[in-house]
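A.B. asks:
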Amino acid sequence: MEKTNDINTSERSDYDITDVIRFQKDDVGRLVLRVAIGGLMLFHGMHKVLYGTDQIGEALSSVGMPALFSWGVFLGEVIAPILLILGYKVRFAGFLIAFDMLVAILLVHAAELNDISPTGGWMIELNALYFLGAVAIMFLGSGHIAISKGKGALD
């Protein structure tokens, strides 16, 4: 029997599990990236859910920015991670997280941009990892293992 791209096992005697894996490996990679970035960022967001954004609003006010911008942090650390995990509007969610991390790096961690930790790592490596992971998601999209199935304009 000639091998085809059809993965219907009931009609094929030469079924190969790699047909399914090959079909989905990019989507699995996107899922892992989305859940990793979204899930870990959501831990930061839970602090905002439990304790509010007043402290962030005060910090923003101290540098001349409106306290209302603290809700942008809520979007970037609560709403966007949930969207990533679910696989809905992930390019937009990736943008929100990337923007949130860029602002955090510039406002909170700017003094550490050139610093190395005592163990040899870059002082802002975790922030950079969140930022770059979110940028990667903006380019990759959700994939098919997502609520949107990767079909939306922002997925």
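So my numbering is basically just the index in the sequence shown, starting at one, shifted up by 78. Using N, Cα and C, we set each Cβ at its ideal position, and we do this for glycine too.
Which residues in the same chain as MET179 place their Cβ atom closer than 6 Å to its Cβ, once the five residues preceding and following it in sequence are excluded?
C.D. replies: ASN205, TYR208 and PHE209
A.B. asks: Assuming VAL151 contacts LYS126 (C-beta within less than 8 Å), just tell me the rounded distance between them.
C.D. replies: 7 Å
A.B. asks: Assign ASP233 to buried or exposed, taking buried as 16 or more other Cβ atoms, counted over all protein chains shown, within 10 Å of its Cβ.
C.D. replies: buried
A.B. asks: Given this structure, state the Cα-to-Cα distance separating PHE170 from THR197, to the nearest angstrom.
C.D. replies: So the alpha carbons of these two residues sit roughly 35 Å apart.
A.B. asks: Give the range of the alpha helix (DSSP H) segment to which LEU161 is assigned.
C.D. replies: 158-164
A.B. asks: How far does the alpha helix (DSSP H) with TRP149 in it extend, from its first residue to its last?
C.D. replies: First-last of the alpha helix (DSSP H) with TRP149: 148-152.
A.B. asks: Using beta-carbon positions only, say whether ALA158 and LEU138 come within less than 7 Å of one another.
C.D. replies: no
A.B. asks: Could you tell me the alpha carbon to alpha carbon distance between VAL156 and MET143, rounded to whole angstroms?
C.D. replies: 21 Å
A.B. asks: VAL51 to GLY172, Cα distance in whole Å?
C.D. replies: As shown, the chain starts at 79 and ends at 233. That puts residue 51 outside it, with no answer to give.
A.B. asks: In terms of DSSP beta bridges, what is GLY194 paired with?
C.D. replies: Sequence inspection shows Ile at residue 194; the Gly mentioned does not correspond to that position. Answer is TRP200, bridged to ILE194.
A.B. asks: Quick one: what's got a C-beta closer than 7 Å to THR131's C-beta in the same chain, skipping five residues either side?
C.D. replies: SER148, TRP149, VAL151 and PHE152
A.B. asks: Under a three-way DSSP split, which group does HIS125 fall into?
C.D. replies: helix
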